[in-house]
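Colleague: Let me give you the structure first, and then I'll get to my questions.
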Ligand SMILES: *Cc1c(COP(=O)(O)O)cnc(C)c1O
């Protein structure tokens, strides 16, 4: 493909992209594809000779698009979103065109310095104290692993990095029973093992009970086990429960334990002063992560990791082979030393484009709009008579189930709600997912799409209600 062909194809693609965003409502939101349906259409061997762009693009439309779930569809209420926005897409186009690998300052000084600045902006936007320094990671899973590895090195005086684990020492990590699975994954990868993870009980709102944490820490200390880190969550994955940060942080300070705060999804709401109560006590935390790629209109991937002791983070990861030494030395940041991967994408650019394009107030307005739609939906659920909320609404996630009069058996209700979920998702009009709360099959509906309107939520709710009531006839 020469430059002229590239220009022509790129113009066509941009038209396709604009049409896609304008017409995304027309696609079935959840792919209605059977397992292996796409695979069986793909040739078993690569083409020996080059094919035309038209042929490749044709196959993209015919084979790939029907097998996609449309995450930018306004009827996407599943999991947690990965919302996006036009300025973010434009920045990604530039990032891929530059094709820069931003592992160190020298490999693209602007990428490093822009990252430093936009992470300061983000910290201010969510009300983090200046004592935190930010760095972009690919995902919250990676950021949490970085936090746990840094905590491990601090508590062992960097001995595990040097010699591996001392076979006699025992360690413990703490989180709640509602904590995201990435914490357990990090405990495994960091060498502590799944069994060192203490899952603290939650209250009726699915938030960690601080007294339970205190008791578990004391029991470990008595047994000669060293507490390494506590992971608190602002916005759990099941129900966006908010762990009470201040009492948890006080316990951590008293016992000198690293406190990592996982706000992967709900962290975006901290750009609103009225929602900041969720992070009360954050100044006592050691590290914090949230994903602008979930709810802040930045397309995947972009995870914002903030840490107080940046020196310990760098000391945990830094390795300086001869071929990576540069003349700037300590005067510059080399983000390859701030995480696991060496190679890094230029992700700061999309943050810069999005924050400047909307402005802080523009972003706040969009997030408030989502919260208002969630409050409206909650009222509909409350007043429906045959649906019930199964967890309090903290931000923009509603957890509920269909509960028709006369049916009170848990298993029967679970079966009805599972069938309801499958039936509405099969329409292709909306996509919702589920969790289990206290054994109850729970429908989850998250309102955070870039293009979602009041009428999208109304239509979704009407579909859920009418499907449920029809199922019972
Ligand atoms: C989504 C989520 C994660 C995982 O995020 P990734 O960026 O996909 O690793 C972790 N914790 C919470 C609370 C989440 O909502």
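Residue numbers (the working numbering): 12 to 484. Even for Gly, the Cβ is constructed at its ideal location relative to N, Cα and C.
#1: Here's the rule: buried if 16 or more other CB atoms are within 10 angstroms of the residue's CB, otherwise exposed. What is residue 445?
#2: Is it buried or exposed, residue 86, if we count other Cβ atoms within 10 angstroms and call 16 or more buried?
#3: To which residues does DSSP link residue 148 through a beta bridge?
#4: Have a look at 370, 345, 283, 48 and flag the residue whose alpha-carbon is nearest the alpha-carbon of residue 120.
#5: Is residue 310 closer than 8 Å to residue 126 when the C-beta atoms are compared?
#6: Hey, quick one: how far does the beta strand (DSSP E) through residue 266 stretch, first residue to last?
#7: With DSSP as the reference, please indicate the residues paired to residue 298 in a beta bridge.
#8: If you reduce the DSSP assignment to three classes, tell me which class residue 410 lands in.
#9: Could you check whether the Cβ of residue 203 sits closer than 7 Å to any heavy atom belonging to ligand 1?
#10: Taking Cβ positions, are residue 244 and residue 191 nearer each other than 8 Å?
#11: Going by DSSP in three states, residue 452 sits in which element: helix, strand or coil?
#12: Would you list the one or two residues that DSSP bridges to residue 187?
#13: Tell me which residue opens and which closes the alpha helix (DSSP H) that residue 281 is part of.
#14: Contact defined as beta carbons within less than 8 Å: I believe residue 241 pairs with residue 259. What is the distance between those atoms, to the nearest angstrom?
#15: Rounded to whole angstroms, what's the CA-CA distance from residue 411 to residue 355? Just pull it up for me.
#16: Could you check the C-alpha separation between residue 464 and residue 391 for me, to the nearest Å?
#17: Rounding to the nearest angstrom, what Cα-Cα distance links residue 251 and residue 385 in this structure?
#18: Do residue 305 and residue 91 have their beta-carbon atoms positioned less than 8 Å apart in this structure?
#19: Can you determine whether any heavy atom of ligand 1 sits closer than 7 Å to the C-beta of residue 246, and answer yes or no?
#20: By DSSP, does residue 118 sit in helix, in strand, or in coil?
#21: If you compare alpha carbons, which of 338, 213, 358 is closest to residue 128?
#22: Please report how far the alpha carbon of residue 213 lies from the alpha carbon of residue 219, in whole angstroms.
#23: Beta-carbon separation of residue 320 and residue 300 under 8 Å?
#24: In the DSSP assignment, what are the bridge partners of residue 399?
#25: Is there at least one non-hydrogen atom of ligand 1 closer than 7 Å to the beta-carbon of residue 381?
#26: Which residues in the same chain have their Cβ closer than 7 Å to the Cβ of residue 41, if we skip the five residues on either side of it in sequence?
#27: According to DSSP, which residues form a beta bridge with residue 442?
#28: Tell me whether residue 25 is buried or exposed, calling it buried when 16 or more other Cβ atoms sit within 10 Å of its Cβ.
#29: Relative to the C-alpha of residue 351, which candidate in 229, 316, 334 has its C-alpha closest?
#30: Please report how far the alpha carbon of residue 303 lies from the alpha carbon of residue 293, in whole angstroms.
#31: Taking the alpha carbon of residue 430 as the point to measure from, which residue in 376, 107, 454, 131 has its own alpha carbon closest?
Modeller: Taking the structure as given:
#1: buried
#2: buried
#3: 314
#4: 345
#5: no
#6: No beta strand (DSSP E) contains residue 266, which is instead part of the alpha helix (DSSP H) from 256-266.
#7: Paired residue(s): 271, 318.
#8: Of the three classes helix, strand and coil, the one that applies to residue 410 here is strand, per DSSP.
#9: For ligand 1, not one heavy atom lies less than 7 Å from the Cβ of residue 203.
#10: yes
#11: strand
#12: 211
#13: Looking at the DSSP string, residue 281 is not in any alpha helix (DSSP H), and its letter there is neither H nor E.
#14: Confirmed, Cβ separation roughly 6 Å.
#15: Rounded to the nearest angstrom, the two C-alpha atoms are 40 Å apart.
#16: 16 Å
#17: 13 Å
#18: yes
#19: yes
#20: If DSSP states are grouped into helix, strand and coil, residue 118 belongs with coil.
#21: 358
#22: Each residue's alpha carbon lies about 4 Å from the other.
#23: no
#24: 412
#25: no
#26: 80, 436, 439, 442
#27: For residue 442, DSSP records a beta bridge to 87.
#28: exposed
#29: Answer by Cα proximity: 316.
#30: 18 Å
#31: 454
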